[in-house]
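Inspection log for the structure reproduced underneath, given as structure tokens.
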Amino acid sequence: MSNEMTLDKAQTSETEVSAVRAAPKKRSQWAEVWHRLKRDKMALCGLAILTVVVFAAVFADFIADYETVVIAQNLGDRLQGPSAQYWLGTDEFGRDIFARMIHGSRVSLLVGVLSVSISIVLGGSLGAVAGYYGGKLDNVIMRVMDVFLAVPSILLAIAIVSALGANLINLMFAISISSIPSYARVVRASVLSIRDQEFIEAARAIGASDFRIILRHIIPNSLAPVIVQGALGVAGAILATAGLSFIGLGIQPPEPEWGAMLAGGRQYLRHAWHVTTFPGLAIMITILALNLLGDGLRDALDPRLKH
Amino acid sequence: MNKTHDTDNLLTVEDLNIVYEADGEVTKAVSGLSLSLKKGETLGLIGETGAGKTTTALGLMRLVPNPPGRVVSGKVMYEGQDLMQATEDEMRGIRGNKISMIFQDPMTSLNPVMTVGDQISEVIMIHQDVTKAESVEKSKEMLELVGIPGARAGDFPHQFSGGMKQRVVIAIALACNPNLLIADEPTTALDVTIQAQVLDLMKELKDKYNTAMIMITHDLGVVAQVCDKVAIMYAGEIVESGAIRDVYENTQHPYTKGLFGSIPNLDSDEDRLNPIKGLMPDPTNLPSGCRFHPRCPDATAICAKVKPEPVITESGHMSRCLNSLPAALDERQDDVQELKMVAGA
Amino acid sequence: MHKFIFKRLILLVPVLLGVSLLVFAIMSFTPGDPAQLILGENAPAPAVEALREEMGLNDPFIMRYANFVGNAVTGDMGRSYTTGREVATEIFDRFPNTLILAALGTIIAIVIGVPVGILSATRQYSWIDSSSMIMALLGVSMPNFWLGLMLILVFSVTLGWLPSGGFMGWSSLILPALTLGTGSAAIITRMTRSSMLEVIRQDYIRTARAKGVAENVVINKHALKNALIPVITVVGLQFGYLLGGAVLTETVYSWPGVGRMMVDAIRQKDSPTVLATVVFLATTFSLVNLSVDILYGFVDPRIKSQYA
């Protein structure tokens, strides 16, 4: 049988159906992603919720004054149920829960975004270096990452904060340290998948330095999985912040933080359900929004994986 | 179109239409497809990737993934029964038993967590009234038949090479002695040397059991080697079909001519190949009139407006081209030279 | 297969050494002098110094770490500063409580997650699919300590059906196990669904259909066995997390487990106990992961034959 008689050898790996679907459309990559994301109702819903939360955090001071409403105790009004004056009731010190929740979003978002940024930068660099250079360096870095991964992240964060002391900086540090390995893995995997592609070799052939290749070619091309991981990572960080604060290892009173707030209401569960219920709802809704957005981004960035 | 049902036809397909619907876009994967096959006969179904060959095969088996795929209309008469009207239970009794299918990629078409023996005996257990032990015995015989030691029945697919896997797939397909075998590019994913072996095996077994076969391929050489009849698909339609000799030696449709022109010929002293210009049309946005006209070297203004109907000669040679029309209208002009002249005009 | 298990066990040693070093290093930052803590604030300086010497606190870091590992291997994890008890004994007393909770939580998660995931995948885009996906999303978004409190609010405080904490017979297990199981159930549902969706579009599923295999057999035999391979990993990981990370749930329910023990120790600045519990939980987590790897080898013939 003569192989030369085959008509389209080059395309044989593609199934007919997928070839049919791959309609060529000219649009920039990010416009295309946004276009797909726009059609995902769940993701848009997440984005909308998140926008509200961000607005609440940014304009918290306009909604409620920190010193007089959020911090100041008002023991006469303690543990009041929801009312026209206190929309979501008051806590054990008579403070307005709604106002504290609004201000609490600041800590959650701050820790969430900052700690994820730190771990993306650190984990991403480690992963990029490991994947790009391979060999011994790769081995050493990834074995160290394995050790970090062998400790459940919440446990690692608890250990770090308990040793260094409970404050905002240590909290952020602990949360970012414990999620570095997952970013290192994600970036390394995508670097490995593009390291030997032709455009990288072309860049090398025209004499680009390793640093330049990593910065200009490898990192932009491994951005998609990092963005998805990052969105879900912010959710994880907010959850971890709340969890650590819940056991007294996070934000210290009187500063408002969702986890600490519901921990404070724990002993009044019998008489004042709202003290624990509402801050928890705030956490859940924020995390839900981030998960929706994360799922949507994953589908939009890699439509082949869409289910 | 040949409306009469030949009683000796094993399979008659009439006006089969299959679409894929996704994100509000309708892809016409198969349009107005008709073909027929007698017992023991082999039909080659040729076309580029994306022409709708695999969809046609899945359509005959009623296995088009739904969603997104949907058989819009059509009749598939098999041994006097319209498969499109059959119940799902009836179809299950037919699949793997009376009609079998061999898929393109042997690397992925076997279940990785089942032994090959189990995968063969399963089809026997489903369709034949045998005990488990008998089916195991039969599956070993099937392995031997395709040239694999029966002792390897307990091995898993990953322990076999690509060619060996395709032999296993063939064993599964032939285990219940079907009357019709649909082979979807059975050799494309294999090495050239293995391709020949697998093809020889299929030909041998097919002749031995007098199995009719639809051989889907984009390899004109394979067709010439194995098939009695050939049908050429372009953008979801059969554009030309007929006996191998008629189509190869008296090519009617410009697309078919293009296909032959893109094959190097050792006998001619042309310096370069003549590939067909342009690309397959976007199936969500097919051209008006003749679907091939944007790429056709013989296209005239009318080709963009009028949709050509199939034109069939007495010997059963069909072509879907406006340029073939005058010849067929004049029934006296069956003459090959005349046809060629008209088609070439 | 033995070679496979052996190789995995060998690989575990450096990981465990690394984990203990990591935790030991972190804990060495803990402020305060343990000797002073034990003897009280008013203890005379020479006595504190003597105790420091005796406890080996003046040794260099590496020596202290080596001592810790040497002792830990023989089952000596030190003594609690607050109770004076052997930490190892305390851990082994409490570990069954943590184990039973994690096991129950995992069982709940599997019993809910796998069938719902399969149902969702086989009826993709149906109302069953969308509603179970929304439930799963809520499940992964809910902080489990909050869920725990809400369950207490409904079932203990309001309805009075179940105890709100501590250990008072088997009924005490229900709420904590549900709390732990919910998040995992959601994760397993999502994983099962996407794995199943991935598998049912594979060529070998089409082959099975082309053989005339009935649809329920296609799903339950051909697809499920393949789809469950990645799910097993997730189940194992979840079990590991429930063992090692049930800290918050144990706190909510005042559950006498290892996680609660750790939180109490942190509050009391009882660093030997903190160190020992973290190392212990991390080790357990790694061992569970190892078991999952080995199990994986049994389920997936491709991995098994690699090491045969």
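Here the protein sequences line up with chains Z, B and U, keeping their order. So for the first sequence, the numbering used here puts the first residue at 1; every next one is plus one. So for the second sequence, the numbering used here puts the first residue at 1001; every next one is plus one. So for the third sequence, the numbering used here puts the first residue at 2001; every next one is plus one. Using N, Cα and C, we set each Cβ at its ideal position, and we do this for glycine too. Here the structure is a predicted model, which means the values were calculated and not measured.
query	result
Once the 5 residues before and after Y2296 (chain U) are set aside, which same chain residues still bring their CB inside 8 Å of it?	I2229, I2232, T2233 and I2303
Using a beta-carbon distance below 8 Å, is N1967 (chain U) in contact with chain B?	For chain U, the structure presents residues 2001 to 2308; residue 1967 (chain U) sits outside this window and is missing.
Would you decide whether S108 (chain Z) is buried or exposed? Buried here means 16 or more other CB atoms lie within 10 Å of its CB.	buried
Taking Cβ to Cβ, would you say L292 (chain Z) is nearer than 8 Å to P279 (chain Z)?	no
Taking one C-beta from the segment 1145 to 1153 of chain B and one from the segment 1092 to 1108 of chain B each time, how about it: are there three or more such pairs within less than 8 Å?	no
For T1042 (chain B), which three-state DSSP category applies?	strand
Measuring straight from C-alpha to C-alpha, what distance separates C1227 (chain B) and Y1248 (chain B)?	12 Å
Let me check one thing: in DSSP terms, what residues is Y1234 (chain B) bridge-paired to?	B:E1237
What are the complete alpha helix (DSSP H) segments, minimum 4 residues, inside the segment 2105 to 2153 of chain U?	2127 to 2141 and 2144 to 2151
If distances are taken between C-alpha atoms only, which option among B:P1283, B:C1290, B:E1141 and B:I1312 comes closest to L1322 (chain B)?	B:C1290
Given a cut-off of 8 Å, decide if M1215 (chain B) and A1183 (chain B) are closer than it, judged by their beta-carbon atoms.	yes
According to DSSP, is I1018 (chain B) helix, strand or coil?	strand
Taking CB distances under 8 Å as the criterion, tell me whether I2266 (chain U) reaches chain Z.	yes
Considering only residues of the segment 2194 to 2277 of chain U, which uninterrupted beta strand (DSSP E) runs meet the minimum length of 3 residues and lie entirely inside it, listed in chain order?	none
Is Y2204 (chain U) close to chain B? Criterion is C-beta to C-beta, closer than 8 Å.	yes
Which residues in the same chain as S1100 (chain B) place their Cβ atom closer than 6 Å to its Cβ, once the five residues preceding and following it in sequence are excluded?	A1173, P1178 and L1181
State the start and end residues of the unbroken alpha helix (DSSP H) segment that holds V1071 (chain B).	Here V1071 (chain B) belongs to no alpha helix (DSSP H); instead the beta strand (DSSP E) covers G1069 to Y1078.
Express the C-alpha separation of P2046 (chain U) and V161 (chain Z) in angstroms, rounding to a whole number.	31 Å
Got a sec, what are the start and stop residues for the alpha helix (DSSP H) M261 (chain Z) sits in?	W258 to G264
At a CB distance below 9 Å, what residues from the segment 2141 to 2161 of chain U approach chain Z? Give them in sequence order.	S2141, M2142, P2143, N2144, F2145, W2146, L2147, L2149, M2150, I2152, L2153, S2156, V2157 and T2158
Go to I158 (chain Z), then tell me how far its alpha helix (DSSP H) extends in each direction, as first and last residue.	S153 to L164
Looking only at its own chain, which residues have a Cβ that is under 6 Å from the Cβ of V2019 (chain U), when we skip the five neighbours before and after it?	A2282
Identify, in the order they occur along the chain, each residue of the same chain with its Cβ nearer than 8 Å to the Cβ of V144 (chain Z), setting aside the five sequence neighbours on each side.	none
Note down, in chain order, each residue of its chain lying with its Cβ closer than 8 Å to the Cβ of K1075 (chain B), except the 5 sequence neighbours on either side.	T1012, V1013, E1014, D1015, L1016, D1082 and M1084
Classify N2067 (chain U) as helix, strand or coil using the three-state DSSP reduction.	helix
Residues of chain B with a CB under 8 Å from the CB of K2269 (chain U): which are they?	Those within 8 Å of K2269 (chain U) in chain B number zero; the least Cβ separation is about 52 Å.
Write down the C-beta distance between G2139 (chain U) and T2182 (chain U) rounded to the nearest angstrom, noting that I regard them as a contact closer than 8 Å.	5 Å
Quick one: which chain U residues come within Cβ less than 9 Å of M1213 (chain B)?	Those do not exist, as M1213 (chain B) stays about 15 Å from chain U at its closest Cβ, beyond 9 Å.
Between V2247 (chain U) and V2279 (chain U), what straight-line distance do the alpha-carbon atoms span, to the nearest angstrom?	14 Å
For the segment 203 to 228 of chain Z, which segments carrying the beta strand (DSSP E) assignment without a break, of at least 3 residues, lie completely within its bounds, in sequence order?	none
Report all residues from its chain with a CB closer than 6 Å to the CB of A56 (chain Z); omit the five preceding and five following residues, and keep chain order.	I102 and S105
When you compare the CB of A99 (chain Z) with every CB in chain U, is at least one pair closer than 8 Å?	no
In the DSSP assignment, find the unbroken alpha helix (DSSP H) run with I2010 (chain U) in it and report its ends.	H2002 to M2027
DSSP puts K1028 (chain B) in a beta bridge; with which residues?	B:V1019
As a quick exercise: from B:H1127, B:I1120 and B:A1133, pick the residue whose alpha carbon is nearest that of I1148 (chain B).	B:I1120
Under a three-way DSSP split, which group does G2075 (chain U) fall into?	coil
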